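Numbering (my numbering), first residue to last: 12 to 93.
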């Protein structure tokens with residue numbers, strides 16, 4: 012997976028959380044639920060791991076309690092037109 016592909020997958024993860032799941036900053040879902048949703052969108056397990064790592068590193072997502080992935084304020088405000 013190229014850096015550009017990982018970046019696109021990370022954007023897609025945040026888009027899914029905001030636009031499809033209707034989450035706001037501070038809200039999240041379990042990694043299992045997110046993984047199932049991402050698989051339906053054609054994102055493989057290895058691509059999910061790389062994209063999640065990038066999204067957390069960029070501050071768009073954070074690890075929450077009980078294996079939850081939470082949307083941050085920065086992730087919620089992400090401009091998807093970039």
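The beta carbon of each residue, even a glycine, is placed where N, CA and C say it ideally should be.
Quick caveat: nothing in here was measured; it's all calculated off a predicted structure.
Terminal residues of the beta strand (DSSP E) in which residue 45 lies: In the chain shown, residue 45 corresponds to position 34, counting from 1. Counting along the chain, residue 45 falls outside any beta strand (DSSP E), though it belongs to the alpha helix (DSSP H) covering 42 to 51.
Residue burial classification, residue 52 (beta-carbon count within 10 angstroms, cutoff 16): The residue labelled residue 52 in the question sits at position 41 within the chain shown. Around the C-beta of residue 52, fewer than 16 other C-beta atoms lie within 10 Å, and the residue is accordingly described as exposed.
DSSP beta-bridge partners of residue 65: Locating residue 65 in the chain shown gives position 54, where the first residue counts as 1. Under the DSSP definition of a beta bridge, residue 65 lacks any partner.
Beta-carbon proximity of residue 82 to residue 49, cut-off 8 Å: The count along the chain shown starts at 1 and reaches residue 82 at position 71. The count along the chain shown starts at 1 and reaches residue 49 at position 38. In this structure, residue 49 does not lie closer than 8 Å to residue 82 by Cβ.
Inter-residue Cα distance where the pair is residue 74 and residue 60: On the chain shown, position 63 is the one that residue 74 refers to. On the chain shown, position 49 is the one that residue 60 refers to. Straight-line Cα distance between these residues: approximately 13 Å.
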